[in-house]
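Worksheet: the structure to be examined is printed underneath.
Residue numbers (this note's numbering): 8 to 162.
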């Protein structure tokens, strides 16, 4: 009977109490097992999100005012001629390639992209320098039968 019991079931019990315990059909020894598959009831939370569907307000205002006691939804959208010219010349397509940048105009962005490209190229060259070393026709490779990690036999 003792080999069937686990160590944590034996701790804290005397040998007499172990003799009186009889295993049930489920394998438990006198106490209930925990049901790990049982789920606790989830409390449902109220959805407080609000989606405004007023098209007139959405087309005439930039709706960014998130304050609860705000009376206006945000700043009013103006016609394009009332905004500064540089606003429409902004580059919004992500990072430019090194070929698209000019060192005189873009300055530090060009040199940062250039150094990043040079570092990647150097890492690639460093990796390729030793990648095909075992394919070289060298005497030490002939002695080790073309396997690079196997040391050449001593003669």
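Yeah, the Cβ is synthetic: ideal placement off N, Cα and C, and Gly gets one too.
Nothing here was measured: the structure is a model prediction, and the numbers come from that model.
Can you name the residues that DSSP bridges to residue i?
i: residue 68; result: 83
Would you kindly work out how many angstroms separate the C-alpha atoms of residue i and residue j, rounded to a whole number?
i: residue 62; j: residue 106; result: 44 Å
i: residue 131; j: residue 111; result: 29 Å
i: residue 127; j: residue 136; result: 14 Å
i: residue 120; j: residue 138; result: 27 Å
i: residue 43; j: residue 49; result: 16 Å
i: residue 123; j: residue 94; result: 29 Å
i: residue 9; j: residue 54; result: Since pLDDT at residue 9 reaches only 49, below the 50 mark, its modelled position is unreliable, and the value read off the structure follows with that caveat. About 55 Å.
i: residue 103; j: residue 92; result: 22 Å
i: residue 58; j: residue 76; result: 17 Å
i: residue 56; j: residue 46; result: 28 Å
i: residue 133; j: residue 60; result: 58 Å
i: residue 129; j: residue 115; result: 21 Å
i: residue 101; j: residue 78; result: 36 Å
Assuming residue i contacts residue j under a Cβ cut-off of 8 Å, what Cβ separation, rounded to an integer in Å, is found between them?
i: residue 70; j: residue 80; result: 5 Å
i: residue 98; j: residue 108; result: That pair is no contact at about 11 Å.
Can you tell me which of the options puts its alpha carbon nearest to the alpha carbon of residue i?
i: residue 64; options: 119, 84, 121; result: 84
i: residue 67; options: 82, 101, 58; result: 82
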